[in-house]
Amino acid sequence: MSQTSRYVPSVVDQAEYRNALGSFATGVTVVTTKAAGAPVGTTVSAFSALSLTPPLVLVALALKSETLAHIKRAGFFSVNILSAGQDDIATCFSKANGSAKFEGISHRDGQNGAPLIDGVAAAIECDLEDSLAGGDHEILVGLVRAASVDPNPVPLVYYRSAFAELTVGGLEVR
Ligand SMILES: Cc1cc2nc3c(=O)[nH]c(=O)nc-3n(C[C@H](O)[C@H](O)[C@H](O)COP(=O)(O)O)c2cc1C
């Protein structure tokens, strides 16, 4: 049985569905891990807090994502929460480019071995705790082992297919 066939067919209009999802303003993350010792990662907006005790977070990755396969092999990942001005990094990690995505990106290994990108608003390091089917995506649950926060971050925001940043007066689309 394929991952999607267990669901009852839906008649929702695909374009309107995508537009509705895009109307949910999110932060932007780069989820990283290692593949045969090399840094790999992908841009992810489908990130959420899940539990405080135990500390759990989740990300949803497309079944076709190479990073998904790498995380399942490695058993660990980190969530880099991007700050304003890092939209070029978000764009870079949304390409299908393997380890080449890290060329020119300043980073270091975190405690779990997954890459932490310099200048992010916050970073969350996880062991892979569980993975759950979710249609054409897979939900990865991470048990948080370490977290770090920039004291003065302005977060990067994604809204209706555009990067934005929070300003004092509200949302400023760039
Ligand atoms: C702003 C933004 C948010 C994205 N969010 C997700 C996401 O939540 N889950 C996902 O699987 N792909 C997401 N993508 C698409 C992936 O980054 C893209 O498919 C990437 O090429 C996958 O790389 P990989 O195959 O090396 O893992 C997003 C892309 C952008 C630009």
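Numbering-wise (my numbering), the sequence shown opens with residue 6 and increments by one. The beta-carbon is built from N, C-alpha and C at its ideal position, and this holds for glycine as well.
Quick check: what's the CA-CA separation for residue i versus residue j?
i, j, result
"F98", "A20", "25 Å"
"V149", "Y12", "31 Å"
"A167", "T31", "11 Å"
"L161", "S88", "5 Å"
"N24", "Y164", "10 Å"
"K100", "T47", "8 Å"
"I122", "S10", "38 Å"
"S53", "I86", "11 Å"
"V62", "P44", "21 Å"
"S104", "R113", "14 Å"
"A126", "N157", "8 Å"
"T96", "N102", "11 Å"
"V33", "L66", "14 Å"
"H154", "D18", "For the record, residue 154 in the displayed sequence is Val; it is not His. Taking the straight line from one Cα to the other gives about 40 Å."
"A41", "H75", "9 Å"
"V35", "P14", "32 Å"
"V146", "S56", "10 Å"
What is the residue span of the beta strand (DSSP E) that residue i lies within?
i, result
"S166", "Counting along the chain, S166 falls outside any beta strand (DSSP E), and DSSP gives it neither H nor E."
"R150", "142-154"
"E108", "Unbroken run through E108: none, as it is neither H nor E."
"G139", "127-139"
"P120", "120-122"
Let me know if residue i comes out buried or exposed under the rule of 16 or more other beta-carbons within 10 Å of its beta-carbon.
i, result
"D92", "buried"
"V159", "exposed"
"M6", "Caution applies to M6, whose pLDDT of 47 falls short of 50 and renders its modelled position unreliable; the value that the coordinates give is listed next. Label assigned to M6: exposed."
"L73", "buried"
"A169", "buried"
"T38", "buried"
"G140", "exposed"
"V49", "buried"
Using 8 Å for Cβ pairs, my map puts residue i next to residue j. What's the rounded Cβ distance?
i, j, result
"I144", "L137", "4 Å"
"V80", "L133", "Strictly speaking, residue 80 in this sequence is Gly, with Val absent from that position. Sure, about 5 Å apart at Cβ, within 8 Å."
"S83", "A119", "4 Å"
Q | Start-end ranges of the alpha helix (DSSP H) lying completely within the stretch 18-102, minimum 4 residues | A | Listed in chain order, the complete alpha helix (DSSP H) runs (minimum 4 residues) inside the stretch 18-102 are 19-27, 71-79, 92-97.
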